[in-house]
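In the working numbering, the protein residues as written are 2 to 300.
The C-beta atom is built at its ideal place from N, Cα and C for all residues, glycine as well.
Working notes for the structure below.
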Amino acid sequence: MTSLPRRGGLAGPVLLIGFGMLVLLINLGRLPISIWGAAARLWPLALIAVGIDLLIPRRSILASVAVAALLLAVVLGGGTLAVQAISSPAAYGPGEAVRIPAAGPQGTEIRLHPSAGALFVEAGSGAGGLVTGMVRLTGYTELETRESSEGGRRTVTLRSSGGFRGPVTTGPGEVWDLAIARGARLWLSVSMGAGEATIDATELALEGFEGSIGAGDFEVRLAAEPTTVDVSGAVGEIVIRVPRGASVRLDASTVLGGVEVPDDYTRSGDRYFSPAFDQASFIDLDVSLVIGEIRIDED
Numbered sequence: 002m003t004s005l006p007r008r009g010g011l012a013g014p015v016l017l018i019g020f021g022m023l024v025l026l027i028n029l030g031r032l033p034i035s036i037w038g039a040a041a042r043l044w045p046l047a048l049i050a051v052g053i054d055l056l057i058p059r060r061s062i063l064a065s066v067a068v069a070a071l072l073l074a075v076v077l078g079g080g081t082l083a084v085q086a087i088s089s090p091a092a093y094g095p096g097e098a099v100r101i102p103a104a105g106p107q108g109t110e111i112r113l114h115p116s117a118g119a120l121f122v123e124a125g126s127g128a129g130g131l132v133t134g135m136v137r138l139t140g141y142t143e144l145e146t147r148e149s150s151e152g153g154r155r156t157v158t159l160r161s162s163g164g165f166r167g168p169v170t171t172g173p174g175e176v177w178d179l180a181i182a183r184g185a186r187l188w189l190s191v192s193m194g195a196g197e198a199t200i201d202a203t204e205l206a207l208e209g210f211e212g213s214i215g216a217g218d219f220e221v222r223l224a225a226e227p228t229t230v231d232v233s234g235a236v237g238e239i240v241i242r243v244p245r246g247a248s249v250r251l252d253a254s255t256v257l258g259g260v261e262v263p264d265d266y267t268r269s270g271d272r273y274f275s276p277a278f279d280q281a282s283f284i285d286l287d288v289s290l291v292i293g294e295i296r297i298d299e300d
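This is how it looks when you write it as structure tokens:
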């Protein structure tokens, strides 16, 4: 009895087709999302496709064709529904104004914890307080604000809480648009599940910054003053923008991805140095990413 030669699984090729179509739509501007943001939302389709491929035996050419057709239907159908959800407006609440009073001379540690969506932080005049802005949440989530003090340093925590948000997000998610007073001594921490974060700290008196993201794009713009920056992520892209001619030291590590720095930076192991690096005064960057790209740009 002649048997068919054993072939590899069908899930891989089907997922490659689906991923290629997704990248094409993003590059054509038909999807208002980055490739990494889309991957963070659509990865469950890969689990479904692999499960179907393993569950249904393929003992003939006809069976293989049927499985391939089913996988294409699942990937394209699920992708279409997800694209519609991503492209549709989110069901935002009325929005909540944020106003944190000014701090004392000891400075303030600000901790921001969006769930998933978009975060924008920039410098403000300080006329309305230390932190001002607007937060728009989706579903039944609420903005939780906590304040504490230890050793003279004040800590302010803003967090979205309530409701349920699993590892899969469909709409644009939350939108945080905040301004922090110029000149206020500051330690800033940002932690979010998925989405995009843009932190413009060029006019902030930033003593230190810590950031983490599960999946998505994370961008930080810095002034030339020495500071410590620690950013980590699972999947996505991390971009740090520094002034041209700044003294910079970078420790960068990725498991699957790359590190891109200006051409005139020198490298020693996983550590990179700008041409103007000065051991006595420098911007200390520690960036780690599991999958994706780490990039240092000069403004």
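So what does DSSP say about residue i, is it helix, strand or coil?
i	result
residue 223	coil
residue 98	strand
residue 66	helix
residue 293	strand
residue 243	strand
residue 195	strand
residue 237	strand
residue 131	coil
residue 298	strand
residue 169	Because the pLDDT of residue 169 is 44, which lies under 50, any placement of that residue in the model is unreliable, and the number read from its coordinates should be weighed accordingly. Three-state result, residue 169: coil.
residue 21	helix
residue 138	coil
residue 258	strand
residue 52	helix
residue 202	coil
residue 263	coil
residue 104	coil
Per DSSP, which residues does residue i bridge with? Please list them.
i	result
residue 229	209, 285
residue 273	251, 268
residue 111	157, 189
residue 217	196, 237
residue 178	121, 135
residue 144	161
residue 149	156
Below 6 angstroms CB to CB, which residues in the same chain sit around residue i once its five sequence neighbours on both sides are set aside?
i	result
residue 279	248
residue 288	232, 239, 253, 295
residue 199	121, 220
residue 119	176, 196, 197
residue 5	With a pLDDT of 46 at residue 5, under the threshold of 50, the modelled position of this residue cannot be trusted; read the value that follows with caution. Around residue 5: no qualifying Cβ.
residue 237	37, 216, 217, 218, 293
residue 1	There is no way to answer for residue 1, as the model of the chain reaches only from 2 to 300.
residue 148	157
residue 1	In the structure displayed, the chain extends from 2 to 300; residue 1 sits before or after that span and is not available.
Pop quiz: residue i and residue j are said to be a contact at Cβ under 8 angstroms. What is the actual Cβ separation, rounded to whole angstroms?
i	j	result
residue 177	residue 110	Wrong, their Cβ atoms sit about 17 angstroms apart, outside the cutoff.
residue 205	residue 181	6 angstroms
residue 183	residue 107	Actually they do not touch by this definition, with Cβ atoms about 18 angstroms apart.
residue 99	residue 135	7 angstroms
residue 246	residue 277	5 angstroms
Taking 7 angstroms as the limit between beta carbons, can you name the residues of its chain near residue i, skipping five residues before and five after?
i	result
residue 283	227, 248, 249, 250
residue 166	Because the pLDDT of residue 166 is 47, which lies under 50, any placement of that residue in the model is unreliable, and the question is left without a value.
Which residues in the same chain have their Cβ closer than 8 angstroms to the Cβ of residue i, if we skip the five residues on either side of it in sequence?
i	result
residue 124	180, 181, 182, 183, 201, 202, 203, 204, 205
Within the present structure, is the beta-carbon of residue i separated from the nearest heavy atom of the ligand GTP by less than 8 angstroms?
i	result
residue 152	With respect to small molecules bound, the structure shown includes none, and the ligand GTP cannot be examined in it.
Does the segment 226-245 come within contact of the segment 119-138, defined as at least 3 CB pairs closer than 8 angstroms? no
Okay, do the segment 258-272 and the segment 203-214 touch, 3+ Cβ pairs below 8 angstroms being the bar? no
So, do the segment 111-120 and the segment 153-162 have three or more beta carbon pairs nearer to each other than 8 angstroms? yes
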